[in-house]
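>
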Amino acid sequence: MGAAVWPDGVPSPALRRRAETAGRLFLAGQAERIVATGAVGEHPPSEAEASAKILTGMGVPSDRILLENLSTSTLENLVQTRRLLGPRARVVIVTDSWHLPRALLTARRLGLDASGVTTPLRGGNPWRITKAVIREVPALFWYALRRLPRDNLS
């Protein structure tokens with residue numbers, strides 16, 4: 226899953242954690258490919274491109290990385306991933322522990338065969354992490370209650 230890119234194209238700690246965890250899974254033979262997700266936010270490059278740079282720097286071959294650089298939310302990340310991989314694809318979502326329940330709920334409601342891996346918590350600002358955790362409570366309820374788009378999913 227994507228996360229912010231800071232000024233001068235620096236990946237946020239969350240984006241770095243997520244990309245590095247996905248890279249370690251790939252290098253350990255636990256994934257065949259990686260979908261790097263996320264559009265351009267306040268600062269270029271896209272979250273997907275920043276993740277891909279981290280991944281190739283770890284030794285992940287670029288032809289095993291799929292870029293999804295259109296999405297700006299968890300729902301959009303997963304809708305676009307479904308378009309890339311197919312409607313019944315098996316995916317392992319790599320994200321922070323507080324974000325994983327919402328990501329898994331969304332993926333499964335979209336028909337993806339989803340499991341999850343959480344990132345090790347390091348390199349983050351405690352205040353930002355607290356805000357992210359607090360934000361997830363209403364976001365999880367909102368995602369659970371909302372209707373998912375049925376049009377244009379394939």
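Residues 226 to 379 (our numbering) are what the sequence shown spells out, left to right.
Beta carbons: idealized from backbone N, C-alpha and C, even for Gly.
1. Locate the alpha helix (DSSP H) running through Gly341, then write down its first and last residues.
2. Report yes if the C-beta distance between Ser296 and Gly227 is below 9 Å; otherwise report no.
3. Short of 8 Å in beta carbon distance, which residues of its chain neighbour Gly266, apart from the five on each side in sequence? Order them along the chain.
4. Which residue or residues does DSSP assign as beta-bridge partners of Ile318?
5. For Thr306 versus Val316, is the C-beta spacing smaller than 9 Å?
6. So Val260 is in the beta strand (DSSP E); what residue range does that whole segment cover?
7. Check this for me: beta carbons of Ala247 and Ala256, under 9 Å apart or not?
8. Thr281: which of Asn294, Arg371, Glu245 and Ala253 sits nearest, CA to CA?
9. Are the CB atoms of Glu361 and Pro326 within a distance shorter than 9 Å?
10. When DSSP labels each residue in this structure, what does Val285 get in the three-state scheme?
11. Please report the distance separating the alpha-carbon of Ile359 from that of His324.
12. Whole angstroms is fine: what's the gap from Ala275's alpha carbon to Glu301's?
13. For Glu293, which of helix, strand or coil comes out of DSSP?
14. With respect to the alpha helix (DSSP H) encompassing Gly248, which residues constitute its N-terminal and C-terminal limits?
15. Who are the near neighbours of Ala364 in its chain, counting only those whose CB is closer than 7 Å to its CB and skipping five residues on each side?
Reading it off the structure:
1. It is not in any alpha helix (DSSP H) - Gly341 instead sits in the beta strand (DSSP E) that spans Asp338 to Thr343.
2. Cβ distance < 9 Å, so Ser296 and Gly227 count as in contact.
3. When the five nearest sequence neighbours on each side are left out, the beta carbons in the same chain lying within less than 8 Å of the beta carbon of Gly266 are those of Ala229, Val230, Glu272 and Thr297, in order along the chain.
4. Gly341, per the DSSP bridge assignment.
5. Their beta carbons are under 9 Å apart, which means Thr306 touches Val316 by this criterion.
6. In the DSSP annotation of this structure, the continuous segment of the beta strand (DSSP E) that includes Val260 starts and ends at Ile259 to Thr262.
7. The criterion of a C-beta distance shorter than 9 Å is satisfied by Ala247 and Ala256.
8. Nearest Cα to Thr281 within the set Asn294, Arg371, Glu245 and Ala253: Glu245.
9. Between Pro326 and Glu361, the gap from beta carbon to beta carbon is short of 9 Å.
10. Correct three-state label for Val285: coil.
11. Each residue's alpha carbon lies about 11 Å from the other.
12. Near 18 Å, if we compare the C-alpha coordinates of Glu301 and Ala275.
13. Three-state result, Glu293: strand.
14. Gly248 -> alpha helix (DSSP H) spans Pro238 to Leu252.
15. Once the five neighbours on either side are set aside, the close Cβ partners of Ala364 are Arg327.
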